[in-house]
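Trainee:
In our numbering, the protein residues as written are 53 to 273.
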């Protein structure tokens, strides 16, 4: 490991969870594990932290971020749906886990995080290291994979990639691994007819099995 990063890499201990959480609360940007990629992790209500994350990744400034929380039912705090029953069925089946929903946002969502749009991408993760970190926070976080934009296509971002591509620009790197996944999270847009916009380890067939419970819902695209 590059010696420049030794003091940034944190073992997953109680004290380090507190340290990393305090950094996020204070507007810092850390790398933390998710169910898929290691990801830049920060306070979604801190505009300076968001701008810094965009800069670290060279991410387009108009590319919305995703909101992450530990309680599956917290989706109702930040989003709404004309088919709440369908959303809840999918939540109950797949969360915590590597599935992101796109829904109509409520005004509780930070505007900069969604780049002024009217939808919000959100997820609830199962990663035990991430969940222990979140126990030290009273807010959700926003996360985006810990790599330079376009520089980790087709792979999951691990510690090596994170250190190589963004390590010198973040405050801390919390050690942890993906939860046996092979791809980035599946994303399903539920703002209208259910539509998968990115396919990960959770398949269209698995999602369709849930949708089929509600015969009035159009099959997933």
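Glycine included, each C-beta is placed from N, C-alpha and C at the ideal position.
Just so you know, these numbers come straight off a predicted model, no measurement behind them.
1) Give, in chain order, every unbroken run of the beta strand (DSSP E) that is at least 3 residues long and sits entirely within the region 157-214.
2) With distances taken Cα to Cα, identify the nearest neighbour of residue 113 among 124, 100, 125 and 122.
3) Just verifying my parser: in three-state terms, what is the DSSP assignment at residue 57?
4) Between 75, 124, 135 and 127, which lies nearest to residue 267 when the distance is taken from Cα to Cα?
5) Between residue 74 and residue 241, what straight-line distance do the alpha-carbon atoms span, to the nearest angstrom?
6) Helix, strand or coil for residue 154 per DSSP?
7) Within 10 angstroms of the Cβ of residue 107, are there 16 or more other Cβ atoms? Answer buried if so, exposed if not.
8) For residue 93, which residues of its own chain have a beta-carbon under 6 Å away from its beta-carbon, when the five flanking residues on both sides are left out?
9) For the beta strand (DSSP E) that contains residue 84, what are its first and last residues?
10) Let me check one thing: in DSSP terms, what residues is residue 260 bridge-paired to?
Mentor: Short version:
1) The region 157-214 contains, as complete beta strand (DSSP E) runs of 3+ residues, the segments 171-175 and 193-197 (chain order).
2) Closest option to residue 113, Cα to Cα, is 100.
3) Helix, per DSSP.
4) For the options 75, 124, 135 and 127, the alpha carbon positioned closest to that of residue 267 is the one of 135.
5) If I take the Cα positions, the gap works out to 33 Å.
6) If DSSP states are grouped into helix, strand and coil, residue 154 belongs with the strands.
7) Residue 107 should be labelled exposed.
8) 82, 84, 193 and 195.
9) From DSSP, the beta strand (DSSP E) with residue 84 extends over 82-85.
10) In DSSP, residue 260 forms no bridge with anything.
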